[in-house]
Amino acid sequence: MKVLVAGGAGFIGSTVVSACLDDGLVPVVLDNLCTGRVEFTRDRIFYRGDIADGALLDRIFAEHPDIAAVVHAAALIVVPDSVAEPLRYYRENVAKSIDFIDHVVRNGCRRYLFSSSAAIYRPGEDFSVDETSPVEPTSPYAHTKAMLEQILADASVATGLRALSLRYFNPIGADPRLRTGLQLRRPSHALGKMINAYVDGEEFLITGVDWPTRDGSGIRDYVHVWDLARAHVQALRRFDRILPPDGDRTHLAVNIGTGDGTTVRELVAAFNTVADRPLRVRETAARPGDQAGSYTRTGRSRELLDWKPELTVADGIRDSLRWAARRDSVLTD
1 MKVLVAGGAG FIGSTVVSAC LDDGLVPVVL DNLCTGRVEF TRDRIFYRGD
51 IADGALLDRI FAEHPDIAAV VHAAALIVVP DSVAEPLRYY RENVAKSIDF
101 IDHVVRNGCR RYLFSSSAAI YRPGEDFSVD ETSPVEPTSP YAHTKAMLEQ
151 ILADASVATG LRALSLRYFN PIGADPRLRT GLQLRRPSHA LGKMINAYVD
201 GEEFLITGVD WPTRDGSGIR DYVHVWDLAR AHVQALRRFD RILPPDGDRT
251 HLAVNIGTGD GTTVRELVAA FNTVADRPLR VRETAARPGD QAGSYTRTGR
301 SRELLDWKPE LTVADGIRDS LRWAARRDSV LTD
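The opening residue of the sequence shown carries number 1 in UniProt numbering; numbering runs sequentially from there.
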């Protein structure tokens, strides 16, 4: 099977591409390199350009008429940035995605795998969610994901497109073979900031310590990015079984997480078991757009994808540290 991976030069997209290659799928990478890295496209079929570029999409499908599915992993993802620049986020994540969906449908591709987010949920009292939990986004970033899911649901009814939305929880780690990893030198998520503080000998800030969680810090479901990538392969392999071409259902969401909640303080404790010296930690106020967090219940992903995570939070921390030590030898800036 040949698969078009939009955003395939980014952190998650490039890991999905590696997992596809390892499983015998043939990925075709499309990325404008806004945040993706050209180094992650070496020895891979690669087109540089924007998902809204209809002429480029027509060319890709003309040159690869056997593309059987699309993975849409192209998006801006930093919550505080979305609060500061909402119009940019709606333009890049929603407006351009509408054009992309149109180009995909026009070229006759009907299998669409969308990178969505658990940030769209309102967690329950115990912070766990499943695919039936209320959708109440609290940031422009999260709104873009919820909007696009609705657009896909409506478009699938009207066009024959079949769309599977994978709602990611919190990816950590790197490709265990270190082919790719987090491309940003100064990432905004908790583990990335921990590693920067560890390397620089600075304090790690726990942003928000009065959430109604078991220890006051935010809670997240930290899933290893390689497990996340394997979930995509399973979704692609089982796509027609999950959403049959002649079935009544045209859009479905599936949560991709471990099923375990880890607080930021617990993540610090896990980090200290892996690193060779402890982090210096300071507590501070929550950032704009932050929320207490959530973790998933895993029934649907196990049933439909025949998938479960194989790697632990400690594995994710360890692989992140290994990648951080290797990053500058792979990336030029």
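Heads up, the beta-carbon is just placed ideally off N, CA and C, and yes, glycines get one too.
Note that this is a predicted model, so its numbers are computed, not measured.
Thinking C-beta only, is L236 closer than 8 angstroms to L243? Along the sequence shown, one-based indexing puts residue 243 at 243. Along the sequence shown, one-based indexing puts residue 236 at 236. Going by C-beta atoms, L243 is not nearer than 8 angstroms to L236.
At which residue ranges does the stretch 29 to 112 contain complete beta strand (DSSP E) runs of 3 or more residues, listed in the order of the chain? 45 to 48, 67 to 72
Apart from the five residues just before and just after H232, which ones in its own chain have a Cβ nearer than 8 angstroms to its Cβ? Counting from 1 along the sequence shown, the entry for residue 232 is found at position 232. Same-chain partners within the cutoff: V16, A19, C20, V71, L113, L166.
Quick one: what does DSSP say P123 is sitting in, helix, strand or coil? Within the sequence shown, numbered from 1, the residue matching residue 123 stands at position 123. Three-state DSSP puts P123 in coil, outside helix and strand.
Determine, for R249, whether the minimum Cβ-Cβ distance to residues of chain B falls below 8 angstroms. Looking for chain B here will not work: only one protein chain is present.
Throw me the rounded Cβ distance for the G10 and T35 pair, which I believe falls under 8 angstroms. As a first step, residue 10 is located in the sequence shown; it is residue number 10 there, counting from the start. As a first step, residue 35 is located in the sequence shown; it is residue number 35 there, counting from the start. Confirmed, about 6 angstroms.
If the criterion is Cβ atoms closer than 8 angstroms, does the pair T312 and A118 meet it? Indexing the sequence shown from 1 puts residue 312 at position 312. Indexing the sequence shown from 1 puts residue 118 at position 118. Going by C-beta atoms, T312 is not nearer than 8 angstroms to A118.
Quick check on the burial criterion: 16 or more other C-beta atoms within 10 angstroms. Buried or exposed for P171? What you label residue 171 is simply residue 171 of the sequence shown in a count that begins at 1. When all chains shown are included, P171 counts as buried.
In whole angstroms, give me the CA-to-CA distance for R37 and A190. Indexing the sequence shown from 1 puts residue 37 at position 37. Indexing the sequence shown from 1 puts residue 190 at position 190. One C-alpha to the other measures close to 22 angstroms.
Can you look up H232 in the DSSP assignment and give me helix, strand or coil? Along the sequence shown, one-based indexing puts residue 232 at 232. Three-state result, H232: helix.
According to DSSP, is V26 helix, strand or coil? Start at 1 with the first residue of the sequence shown, and residue 26 comes out as number 26. DSSP places V26 in strand when its eight states are reduced to three.
Backbone secondary structure at N114 - three-state DSSP: Here the question's residue 114 lines up with position 114 in the sequence shown. The question names Asn, but residue 114 in the sequence shown is Phe. DSSP places F114 in strand when its eight states are reduced to three.
Alpha carbon to alpha carbon, what distance is there between L148 and V157? Counted from its first residue, the sequence shown places residue 157 at position 157. Counted from its first residue, the sequence shown places residue 148 at position 148. Roughly 14 angstroms between the two C-alpha positions.
Using a Cβ-Cβ cut-off of 6 angstroms (strictly less than) and excluding sequence neighbours within five positions of H103, which residues of its own chain qualify? The count along the sequence shown starts at 1 and reaches residue 103 at position 103. Cβ neighbours of H103 beyond the five flanking positions: G54, L57.
Going by CA-CA distance only, name the one from S115, A74, A52 that's closest to G8. Numbered from its first residue, the sequence shown carries residue 8 at position 8. The option with the nearest alpha carbon to G8 is A74.
May I ask you to list the residues that DSSP assigns as paired with R220? Translated into positions along the sequence shown, residue 220 becomes position 220. According to DSSP, R220 bridges with T262.
When you compare only the Cα positions, how much space is there between G299 and D319? For the purposes of this step, residue 299 is taken as the residue at position 299 of the sequence shown. For the purposes of this step, residue 319 is taken as the residue at position 319 of the sequence shown. The alpha-carbon atoms of G299 and D319 are separated by roughly 27 angstroms.
Is V268 near the ligand FAD, in the sense that its beta carbon is under 7 angstroms from a heavy atom of that ligand? Inclusion of the ligand FAD in the displayed structure is not the case, the ligand content being empty and no account of it being possible.
Residues near S217 in its chain [Cβ-Cβ closer than 7 angstroms; skip 5 each side]: Within the sequence shown, the letter at position 217 stands for residue 217. Result list for S217: I206, G208, V209, W211, T263, V264, R265, in chain order.
P309 and T258: beta carbons closer than 8 angstroms? What you label residue 309 is simply residue 309 of the sequence shown in a count that begins at 1. What you label residue 258 is simply residue 258 of the sequence shown in a count that begins at 1. Yes, Cβ-Cβ distance for P309 and T258 is below 8 angstroms.
According to DSSP, is residue 350 helix, strand or coil? No information on residue 350 is available, as it lies outside the stretch 1 to 333 that the chain covers here.
Cα-Cα separation, D154 to R91: Position 154 of the sequence shown, counting from 1, holds the residue named residue 154. Position 91 of the sequence shown, counting from 1, holds the residue named residue 91. Going from the Cα of D154 to the Cα of R91 covers about 19 angstroms.
Let's see if you can read the secondary structure: which residues bound the alpha helix (DSSP H) around S156? Your numbering for residue 156 matches position 156 in the sequence shown. Counting along the chain, the alpha helix (DSSP H) containing S156 begins and ends at 140 to 159.
In the DSSP assignment, the beta strand (DSSP E) including L4 goes from what residue to what residue? Position 4 of the sequence shown holds residue 4. Taken as a continuous stretch (DSSP letters only), the beta strand (DSSP E) holding L4 covers 2 to 6.
Whole-number beta carbon distance between V254 and residue 370, since they are thought to touch under 8 angstroms: For residue 370 there is no data in the structure shown, the boundaries of the chain being 1 and 333.
Between the C-alpha atoms of residue 402 and G13, what's the straight-line distance to the nearest angstrom? Shown here, the chain extends from 1 to 333; a query on residue 402 therefore has no answer.
F239 vs L164 beta-carbon contact at 8 angstroms: To locate residue 239, count along the sequence shown from 1; it is residue 239. To locate residue 164, count along the sequence shown from 1; it is residue 164. Contact: yes.
Can you tell me whether N221 is buried or exposed, with buried defined as 16 or more other CB within 10 angstroms of its CB? Taking the first residue of the sequence shown as position 1, residue 221 is located at position 221. Here residue 221 is Asp; the residue named in the question, Asn, does not match the sequence. By the neighbour-count rule (16 or more Cβ atoms within 10 Å), D221 is buried.
Which residues in the same chain have their Cβ closer than 7 angstroms to the Cβ of L33, if we skip the five residues on either side of it in sequence? By one-based count along the sequence shown, residue 33 stands at place 33. A9, R48.
Helix, strand or coil: which one does DSSP assign to S128? What you label residue 128 is simply residue 128 of the sequence shown in a count that begins at 1. Strand.
Can you look up G316 in the DSSP assignment and give me helix, strand or coil? The sequence position of residue 316 within the sequence shown is 316, counting from 1. Helix at G316.
Is A270 near I219, with beta carbons less than 8 angstroms apart? Residue mapping note: residue 270 aligns to position 270 of the sequence shown, counting from 1. Residue mapping note: residue 219 aligns to position 219 of the sequence shown, counting from 1. For A270 and I219, no; Cβs fall outside 8 angstroms.
Which two residues bound the contiguous beta strand (DSSP E) that contains E203? Locating residue 203 in the sequence shown gives position 203, where the first residue counts as 1. Per DSSP, E203 belongs to the beta strand (DSSP E) from 203 to 207.
Can you tell me whether Q291 is buried or exposed, with buried defined as 16 or more other CB within 10 angstroms of its CB? Locating residue 291 in the sequence shown gives position 291, where the first residue counts as 1. When all chains shown are included, Q291 counts as buried.
Mind checking whether A69 and R106 have CB atoms under 8 angstroms apart? As a first step, residue 69 must be located in the sequence shown, where it is residue number 69. As a first step, residue 106 must be located in the sequence shown, where it is residue number 106. No, these two residues do not count as a Cβ contact at 8 angstroms.
For Q150, count the other beta carbons within 10 Å of its own beta carbon; 16 or more makes it buried, fewer makes it exposed. Which is it? Numbered from its first residue, the sequence shown carries residue 150 at position 150. By the 10 Å Cβ count, Q150 comes out exposed.
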